[in-house]
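Peer 1: All residue numbers for the sequence shown refer to UniProt numbering, where the first residue is 1 and numbers rise by one. C-beta: ideal position from N, C-alpha, C; glycine also. Being a predicted model, the structure only gives us computed values, none of them experimental. One structure follows; several queries about it will come next.
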Amino acid sequence: MAPDRAVLKRALDAGEREGGSVEFKERLTKDLHLADGKLESLAAQLRHRVLSGDGEATYVVGVTDDGGLAGIPHDDFAESIDVLSLLAEEADAHIESVDTWGIEDGLVGVATVREGALLEDDGHIVVGTAGHVDHGKSTLVGSLVTGQPDDGEGSTRSFLDVQPHEVERGLSADLSYAVYGFTDGEPIRTDNPDRKTDRAAVVESADKLISFVDTVGHEPWLRTTIRGLVGQKLDYGLLTVAADDGPTKTTREHLGVLLATELPTMVAITKADMVDGERALEVEREVERLLRDVGKTPLRVERHGVDTAVEEIGGGVVPVLRTSAVTMEGLGTLDDLFERLPKTGESTGEFSMYVDRSYKITGVGAVASGTVRSGTVEAGDELLLGPFPDGSFHDVEARSIEMHYHRVDRAKAGRIVGIALKGVREADVERGMVLLPREADPDPVREFEADVMVLNHPTRIDDGYEPVVHLETVSEAAAFHPAEGQLLPGDTGSTTIRFKFRPYLVEEGQRFVFREGQSKGVGTVTDVLPVK
Numbered sequence: 001m002a003p004d005r006a007v008l009k010r011a012l013d014a015g016e017r018e019g020g021s022v023e024f025k026e027r028l029t030k031d032l033h034l035a036d037g038k039l040e041s042l043a044a045q046l047r048h049r050v051l052s053g054d055g056e057a058t059y060v061v062g063v064t065d066d067g068g069l070a071g072i073p074h075d076d077f078a079e080s081i082d083v084l085s086l087l088a089e090e091a092d093a094h095i096e097s098v099d100t101w102g103i104e105d106g107l108v109g110v111a112t113v114r115e116g117a118l119l120e121d122d123g124h125i126v127v128g129t130a131g132h133v134d135h136g137k138s139t140l141v142g143s144l145v146t147g148q149p150d151d152g153e154g155s156t157r158s159f160l161d162v163q164p165h166e167v168e169r170g171l172s173a174d175l176s177y178a179v180y181g182f183t184d185g186e187p188i189r190t191d192n193p194d195r196k197t198d199r200a201a202v203v204e205s206a207d208k209l210i211s212f213v214d215t216v217g218h219e220p221w222l223r224t225t226i227r228g229l230v231g232q233k234l235d236y237g238l239l240t241v242a243a244d245d246g247p248t249k250t251t252r253e254h255l256g257v258l259l260a261t262e263l264p265t266m267v268a269i270t271k272a273d274m275v276d277g278e279r280a281l282e283v284e285r286e287v288e289r290l291l292r293d294v295g296k297t298p299l300r301v302e303r304h305g306v307d308t309a310v311e312e313i314g315g316g317v318v319p320v321l322r323t324s325a326v327t328m329e330g331l332g333t334l335d336d337l338f339e340r341l342p343k344t345g346e347s348t349g350e351f352s353m354y355v356d357r358s359y360k361i362t363g364v365g366a367v368a369s370g371t372v373r374s375g376t377v378e379a380g381d382e383l384l385l386g387p388f389p390d391g392s393f394h395d396v397e398a399r400s401i402e403m404h405y406h407r408v409d410r411a412k413a414g415r416i417v418g419i420a421l422k423g424v425r426e427a428d429v430e431r432g433m434v435l436l437p438r439e440a441d442p443d444p445v446r447e448f449e450a451d452v453m454v455l456n457h458p459t460r461i462d463d464g465y466e467p468v469v470h471l472e473t474v475s476e477a478a479a480f481h482p483a484e485g486q487l488l489p490g491d492t493g494s495t496t497i498r499f500k501f502r503p504y505l506v507e508e509g510q511r512f513v514f515r516e517g518q519s520k521g522v523g524t525v526t527d528v529l530p531v532k
């Protein structure tokens with residue numbers, strides 16, 4: 001949706017006042033404006049503008065010195081914002097947001113520059129939700145991040161379902177994202193998560209962030225749910241079970257995926273307002289039996305307390321609690337849990353991020369989004385993107401980084417980010433690709449060896465069996481060639497796996513899920529066979 005033109009008009013009107021906090025620039029170029037002497041002069045000018053505006057300045061790009069709307073080509077506009085970002089960094093400031101307008105064949109943009117360098121968040125955990133359709137995943141998350149009770153009709157769910165058909169049907173069909181946080185132990189929420197500025201404000205002000213990857217509960221989209229639980233670098237899983245329905249086949253499917261990925265998991269029994277206490281207790285007991293059946297120990301948070309739940313979660317223990325997005329029962333307890341839960345482990349080593357989705361932003365270009373898997377990435381880093389269908393990797397540059405619509409200088413492992421890329425078209429960026437440092441020497445893989453466990457299959461798995469393999473954000477048909485010729489339900493064995501259509505980056509130790517119809521299993525990569 002195009003930004004409100006009133007923003008542009010206010011900036012133009014303010015720019016008529018000499019010595020104020022608004023600056024007009026037709027364009028900025030690296031060769032001219034970052035040259036010796038020029039950089040220091042422009043940074044000092046920017047600093048003056050910021051101080052004149054009580055900590056905030058506005059730069060209007062694509063406009064002549066007298067305020068005329070010139071408009072500049074997309075590439076020139078992107079370079080101008082890159083240069084402005086470097087000037088802001090030099091002046092101990094940062095670009096908070098950029099709004100753009102199309103002017104004939106060019107762009108005009110308004111960049112808001114704020115005092116202070118961008119701070120790297122110290123605490124950030126990522127939670128993946130799962131559960132049967134209509135068991136209240138999105139509604140629960142919507143009420144958590146806003147602090148608003150649901151109206152009983154899924155009003156807070158609308159903050160996460162972004163596609164028109166999702167809103168109309170009340171069913172999520174793709175992964176959704178939400179965020180809230182804590183400062184000094186107190187929740188920082190958003191009035192309206194649909195507003196980018198609201199989410200950005202949470203990221204900017206909170207000292208601990210909770211990001212949600214909200215998955216899909218409808219059976220036909222199980223593949224998307226697996227992508228959300230396997231392809232993101234999650235710290236915890238949150239499984240929802242509706243008190244009026246109880247555990248279902250899909251509940252068991254989703255729990256199986258959570259456990260297969262060895263993710264510390266908690267269970268929220270939702271819609272407690274719709275049943276009496278006896279029914280809620282009955283569902284709690286059903287959930288406890290389900291957990292014991294898969295070798296896990298349920299822990300009732302109401303009985304044992306939040307401190308015990310935080311200490312015991314993971315391993316063999318799964319905390320269970322009652323909730324209602326309508327009465328807000330249990331949401332305060334979830335706040336306490338999320339505020340106290342630690343990061344499950346920072347990945348060191350060189351930067352890597354598997355691409356989950358891509359999109360195009362006017363004036364910026366191609367953006368690849370996903371969860372940083374390891375290391376740290378900074379704006380301006382030179383990277384590799386691939387593999388492309390022919391197995392090649394292409395040179396790209398991290399033009400800028402956003403986390404929940406808030407621009408950041410850098411992002412480390414576990415952060416859900418969008419990275420604007422220079423040097424590639426958005427149409428060429430595909431899910432399952434990976435971003436790596438320019439100096440990396442990746443070997444794309446068409447085949448790999450793995451140890452697998454068959455969790456469910458109606459018969460035996462023979463040579464040539466072709467399920468879909470879900471590894472990181474890769475979802476690709478692949479052929480199995482078991483070392484012993486076949487695998488039976490419940491078997492553990494070794495197999496060679498070959499992607500059917502193209503190579504991907506696969507590494508030893510990565511875990512994956514495979515699925516075909518009702519058949520499913522898990523595996524671990526033991527060796528890779530690089531493309532020759």
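Go ahead and label Glu294 buried or exposed: buried means 16 or more other beta carbons lie within 10 angstroms of its beta carbon, across all protein chains shown.
Peer 2: Here residue 294 is taken as the residue at index 294 of the sequence shown, counted from 1. According to the sequence displayed, residue 294 carries Val and not Glu. Val294 is exposed by the Cβ-count criterion.
Peer 1: Could you tell me if Tyr180 is buried or exposed, where buried requires 16 or more neighbouring beta carbons within 10 angstroms of its beta carbon?
Peer 2: Stepping through the sequence shown from its first residue, residue 180 is reached at position 180. Per the 10 Å Cβ criterion, buried.
Peer 1: Could you give the distance in angstroms between the alpha-carbon of Gly363 and the alpha-carbon of Arg502?
Peer 2: Position 363 of the sequence shown, counted from the first residue, corresponds to residue 363. Position 502 of the sequence shown, counted from the first residue, corresponds to residue 502. Using only the alpha carbons, I get a separation of about 32 angstroms.
Peer 1: Sorted by chain position, which residues of the same chain lie with C-beta nearer than 7 angstroms to Arg189's C-beta, five sequence neighbours on each side aside?
Peer 2: Within the sequence shown, the letter at position 189 stands for residue 189. Excluding residues within five positions, the ones whose Cβ falls inside 7 angstroms are Val145, Thr146, Gly147 and Tyr180.
Peer 1: Bridge partners of Val267, per DSSP?
Peer 2: Numbered from its first residue, the sequence shown carries residue 267 at position 267. Answer by DSSP bridge pairing, in chain order: Leu239 and Val320.
Peer 1: Taking only the alpha-carbon atoms, compute the straight-line gap between Gly509 and Gly55 and give it to the nearest angstrom.
Peer 2: Translated into positions along the sequence shown, residue 509 becomes position 509. Translated into positions along the sequence shown, residue 55 becomes position 55. When rounded, the distance between both Cα atoms is 48 angstroms.
Peer 1: Once DSSP output is grouped into helix, strand and coil, what is the label at residue 533?
Peer 2: Look at the range of the chain in this structure, 1 to 532, and you will see that residue 533 is not part of it.
Peer 1: Report the rounded CA-to-CA distance for Gly37 versus Ser155, giving the unit in angstroms.
Peer 2: Here residue 37 refers to the residue found at position 37 of the sequence shown. Here residue 155 refers to the residue found at position 155 of the sequence shown. Their Cα atoms are separated by approximately 55 angstroms.
Peer 1: Keeping to the same chain, check which residues put their C-beta closer than 8 angstroms to that of Ala478; ignore five residues upstream and five downstream.
Peer 2: As a first step, residue 478 must be located in the sequence shown, where it is residue number 478. Closer than 8 angstroms at Cβ, skipping near neighbours: Glu466, Pro467, Val468, Val469, Ile497, Arg498, Phe499, Lys500 and Phe514.
Peer 1: How would you label Ser80, buried or exposed, when you count the other beta carbons within 10 angstroms and need 16 or more for buried?
Peer 2: For this step, residue 80 is matched to residue 80 along the sequence shown. Per the 10 Å Cβ criterion, buried.
Peer 1: Let me know the secondary structure DSSP gives Leu488 once reduced to three states.
Peer 2: As a working note, residue 488 is residue 488 in the sequence shown. Coil.
Peer 1: Please go through the same chain and pick out, in chain order, the residues whose beta-carbon is closer than 7 angstroms to the beta-carbon of Arg431, but skip the five residues on each side of it.
Peer 2: As a first step, residue 431 must be located in the sequence shown, where it is residue number 431. Result list for Arg431: Val355, Asp356, Arg357 and Thr473, in chain order.
Peer 1: For Lys520, I'd like the list of residues in its chain whose CB is within less than 6 angstroms of its CB, leaving aside the five on either flank, ordered along the chain.
Peer 2: Counting from 1 along the sequence shown, the entry for residue 520 is found at position 520. Contacts found: Leu455 and Asn456.
Peer 1: By alpha-carbon positions, which one of Ile210, Ser205, Val283 and Leu46 ends up nearest to Thr183?
Peer 2: Along the sequence shown, read from residue 1 onward, the residue named residue 183 stands at position 183. Among Ile210, Ser205, Val283 and Leu46, the Cα nearest to that of Thr183 belongs to Ser205.
Peer 1: With Val287 as the anchor, note down where its alpha helix (DSSP H) starts and where it stops.
Peer 2: What you label residue 287 is simply residue 287 of the sequence shown in a count that begins at 1. Element bounds for Val287: Gly277 to Asp293.
Peer 1: Within this structure, are the beta carbons of Ala242 and Gly109 separated by less than 8 angstroms?
Peer 2: Here residue 242 refers to the residue found at position 242 of the sequence shown. Here residue 109 refers to the residue found at position 109 of the sequence shown. Contact flag unset, no.
Peer 1: Roughly how far, in whole angstroms, is the beta-carbon of Gly380 from the beta-carbon of Ala413, given that I think they are within contact range, below 8 angstroms?
Peer 2: For this step, residue 380 is matched to residue 380 along the sequence shown. For this step, residue 413 is matched to residue 413 along the sequence shown. Incorrect: roughly 19 angstroms between the Cβ atoms, too far for contact.
Peer 1: Short of 7 angstroms in beta carbon distance, which residues of its chain neighbour Arg425, apart from the five on each side in sequence? Order them along the chain.
Peer 2: The count along the sequence shown starts at 1 and reaches residue 425 at position 425. Result list for Arg425: Ala366, in chain order.
Peer 1: By Cβ distance, which residues of its chain are closer than 7 angstroms to Glu286, with the 5 residues on each side in sequence left out?
Peer 2: Here residue 286 corresponds to residue number 286 of the sequence shown, with the count starting at 1. So the qualifying residues of the chain are Gly246 and Pro247.
Peer 1: So Phe351 packs on Pro437, CB below 8 angstroms; how close in whole Å?
Peer 2: What you label residue 351 is simply residue 351 of the sequence shown in a count that begins at 1. What you label residue 437 is simply residue 437 of the sequence shown in a count that begins at 1. 6 angstroms between Cβ atoms; contact.
Peer 1: Do Leu505 and Pro444 have their C-beta atoms within less than 8 angstroms of each other?
Peer 2: Counted from its first residue, the sequence shown places residue 505 at position 505. Counted from its first residue, the sequence shown places residue 444 at position 444. Closer than 8 angstroms, so yes.
Peer 1: Would you mind listing the beta strand (DSSP E) stretches within the segment 32-79 that are 3+ residues and don't spill past its ends, in chain order?
Peer 2: 56-61
Peer 1: Identify whether Val429 lies in helix, strand or coil by the three-state DSSP scheme.
Peer 2: The sequence position of residue 429 within the sequence shown is 429, counting from 1. Val429: coil per DSSP, three-state reduction.
Peer 1: Kindly indicate which three-state DSSP category Met353 falls into: helix, strand or coil?
Peer 2: In the sequence shown, the residue the question calls residue 353 occupies position 353. Note: Met353 maps to strand in three-state DSSP.
Peer 1: For the segment 272-280 and the segment 318-328, state whether three or more C-beta atom pairs, one from each stretch, are separated by less than 8 angstroms.
Peer 2: yes
Peer 1: From the DSSP output, in three-state form, read off Phe338 for me.
Peer 2: Counting from one through the sequence shown, the residue named residue 338 turns up at place 338. Of the three classes helix, strand and coil, the one that applies to Phe338 here is helix, per DSSP.
Peer 1: Can you find the residues in the same chain that come closer than 8 angstroms, C-beta to C-beta, to Glu23, ignoring five residues on each side of it along the sequence?
Peer 2: To locate residue 23, count along the sequence shown from 1; it is residue 23. Here the set comprises Gly15, Gln45, Leu46, Arg49, Ala57, Thr58, Tyr59 and Val60.
Peer 1: Please report the residue range of the beta strand (DSSP E) in which Leu436 lies.
Peer 2: Counting from one through the sequence shown, the residue named residue 436 turns up at place 436. Its beta strand (DSSP E) spans residues Val434 to Pro437.
Peer 1: How many angstroms separate the CA atom of Ala280 from the CA atom of Ile269?
Peer 2: Counting from 1 along the sequence shown, the entry for residue 280 is found at position 280. Counting from 1 along the sequence shown, the entry for residue 269 is found at position 269. Ala280 and Ile269: Cα-Cα distance of roughly 8 angstroms.
Peer 1: Give the DSSP-derived three-state secondary structure of Lys249 in the structure shown.
Peer 2: In the sequence shown, residue 249 corresponds to position 249, counting from 1. Helix, per DSSP.
Peer 1: Do Glu288 and Pro298 have their beta-carbon atoms positioned less than 8 angstroms apart in this structure?
Peer 2: Residue numbering aside, residue 298 sits at position 298 when the sequence shown is read from its first letter. Residue numbering aside, residue 288 sits at position 288 when the sequence shown is read from its first letter. Yes. Within cutoff.
Peer 1: May I have the straight-line CA-CA distance separating Val133 from Ser494, to the nearest angstrom?
Peer 2: Along the sequence shown, one-based indexing puts residue 133 at 133. Along the sequence shown, one-based indexing puts residue 494 at 494. Ser494 has its alpha-carbon roughly 35 angstroms from the corresponding atom of Val133.
Peer 1: State buried or exposed for Thr129, treating a residue as buried only when at least 16 other CB atoms are found within 10 Å of its CB.
Peer 2: Position 129 of the sequence shown holds residue 129. That one is buried.
Peer 1: Any chance the CB of Pro264 is under 7 angstroms from a heavy atom of the ligand SAM?
Peer 2: Among the components of this structure there are no ligands whatsoever, and the ligand SAM is therefore not found.
Peer 1: Can you check DSSP and say which residues form a bridge with Met403?
Peer 2: As a working note, residue 403 is residue 403 in the sequence shown. The partner list for Met403 (beta bridge, DSSP) reads His406.
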